[in-house]
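A.B. asks:
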Amino acid sequence: MLPRFFTSFKRSFKSLSEQEILALAIASEEDDSRIYRAYADKLKVAYPASAQILEDMAEVENTHRKSLIEIHRQRFGERIPLIRREHVQGFYERKPDWLRKNLSLEAVRQEAETMEEQAYRFYVEAAKQTSDASTRQLLGDLALAEQGHEDIARMLGDKHTPEDVKEAEDETARRQFVLTYVQPGLAGLMDGSVSTLAPIFAAAFATQDTWQTFLVGLSASVGAGISMGFTEAAHDDGKISGRGSPIKRGFACGIMTTIGGLGHALPYLIPQFWTATITAVVIVFFELWAIAFIQNRYMETPFLRAAFQVVLGGGLVLAAGILIGNG
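Mapped onto UniProt numbering, the consecutive letters of the sequence shown carry residue numbers 1 to 327.
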């Protein structure tokens, strides 16, 4: 019984016949063509130029598939064995559609490049491990075909995405990233960092009990994160505003809100009150600096103005918390 659990159900590449190798290449070219078309469908609305590149790459893969089928017909007849890359040990794999549909424009470009590189390397290494002359020639031809795909991709890129178009698409992708992740995440970080200052430091100075202060900070941070996350997800479905998936925005906002509050709540796990408080104040400084940096980096707010606004607001809330706690 035990050997069955440790035995791979995949074939080793060395055990494949020339016909099976050819069938594997046909199936792989067909799958890659479908992947490129799926990428093109995903990008065609926002990035039509890059989508056209992927459509052309899909057509190239389909052309190679037809050539491989013709070779198989000449050498082995009409019946192509059913063998796919997931049936073979060490063969490169492709992610299913549902794991690729949320990739960014740059990630799609890199994935397409990686697909060609993986196929080329596999055929080269497979040729080195094969002693049969005709099989080595077949694998070498396939490697050259995959290497040719990189040249075609480069030419297609020059044709469909000149530098100005590529820059425009990159700017669109950056804007979408800011709207979907940065903007709600920044709102959450500001709310979590600033709004929790008063209850945490009020509890700290009122009780002088670090554990009780930590519990207050933990509850305030988690509660604020849940509230902000649901609010962000519920108030805008993103269809008209173009801000992207409400679920993504909700998670970004909720998580960053919680992180913002926990930053200066966690120091109160330190038993010594003043050590914990001084540490929390230092962390607050870095939190406010991070908010100003993000505003400057992504929202194009002048750094000094962003720092002044954040530090002034944070300082007032912190002072209010300390005064209330000492009241």
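Cβ atoms here follow ideal geometry from the backbone N, Cα and C, with glycine treated the same way.
#1: Please state whether the Cβ-Cβ distance between G188 and A265 is less than 8 Å.
#2: In the DSSP output, what is R175 paired with across the bridge?
#3: Using a Cβ-Cβ cut-off of 7 Å (strictly less than) and excluding sequence neighbours within five positions of I322, which residues of its own chain qualify?
#4: Can you tell me the Cβ-Cβ gap for P199 and V216, rounded? I've got them flagged as a contact below 8 Å.
#5: Here's the rule: buried if 16 or more other CB atoms are within 10 angstroms of the residue's CB, otherwise exposed. What is A119?
#6: Ignore the nearest five residues each way along the sequence and tell me which others in L22's own chain have a CB closer than 6 Å to its CB.
#7: May I ask you to report which of helix, strand or coil DSSP gives V88?
#8: Buried or exposed, going by whether 16 or more other CB atoms sit within 10 Å of the CB of M228?
#9: Which one of I80, L186, S33 and E86 has the shortest CA to CA distance from E116?
#10: Any idea if H235 is buried or exposed, counting beta-carbon neighbours within 10 angstroms, 16 or more meaning buried?
#11: Is Q183 buried or exposed, if buried means 16 or more other CB atoms sit within 10 Å of its CB?
#12: According to DSSP, which residues form a beta bridge with K11?
#13: Report buried or exposed for Q303, applying the criterion of at least 16 other Cβ atoms within 10 angstroms of its Cβ.
#14: With DSSP run on the structure shown, which of helix, strand or coil describes D143?
#15: Taking the alpha helix (DSSP H) that H264 falls in, what are its first and last residues?
#16: Output the distance between the C-alpha atoms of E18 and E78, rounded to the nearest integer angstrom.
#17: Verify whether the separation of the beta carbon atoms of T196 and G261 is less than 8 Å.
#18: Once you ignore the five residues that flank I226 on each side, which residues in its own chain have a CB closer than 7 Å to its CB?
#19: Under the assumption that R65 contacts L24 (Cβ atoms under 8 Å), give the Cβ distance between them as a whole number of angstroms.
#20: Please return the same chain residues whose Cβ sits closer than 6 Å to the Cβ of L54, not counting the five positions on each side in sequence.
#21: Under 6 Å Cβ to Cβ from N62, same chain only, skipping five residues before and after it: list those, please.
#22: I believe E20 touches P81 by the beta-carbon criterion, under 8 Å. Please report the beta-carbon distance rounded to the nearest angstrom.
#23: In whole angstroms, what separates the C-alpha of T301 from that of L312?
#24: What three-state label does DSSP hand I294 in the structure shown?
#25: Which of helix, strand or coil does DSSP assign to E78?
#26: Alpha helix (DSSP H) containing P302: first to last residue?
#27: Just the Cα atoms here: how many angstroms apart are R11 and Q89?
#28: Can you grab the Cα-Cα spacing for the pair I291 / G244, in whole Å?
#29: Quick check: what's the CA-CA separation for L16 versus Q147?
C.D. replies: In this structure, then:
#1: no
#2: Paired residues: none, contrary to the question.
#3: F201 and F205
#4: 6 Å
#5: buried
#6: H72
#7: strand
#8: buried
#9: S33
#10: exposed
#11: buried
#12: Inspection of the sequence shows that residue 11 is occupied by Arg rather than by Lys. Its beta-bridge partners are V88.
#13: Sequence inspection shows Phe at residue 303; the Gln mentioned does not correspond to that position. Looking at its Cβ environment, which holds fewer than 16 other Cβ atoms inside 10 Å, F303 is exposed.
#14: A small correction: the amino acid at residue 143 is Ala; Asp does not occupy that position in the sequence shown. A143: helix per DSSP, three-state reduction.
#15: Here H264 belongs to no alpha helix (DSSP H), and DSSP marks it neither H nor E.
#16: 15 Å
#17: yes
#18: G254
#19: In fact, because the Cβ distance is near 12 Å, the residues do not count as touching under 8 Å.
#20: Y36, Y39 and A40
#21: S33
#22: 5 Å
#23: 16 Å
#24: helix
#25: coil
#26: Premise fails: P302 is in no alpha helix (DSSP H) and is neither H nor E.
#27: 6 Å
#28: 22 Å
#29: 23 Å
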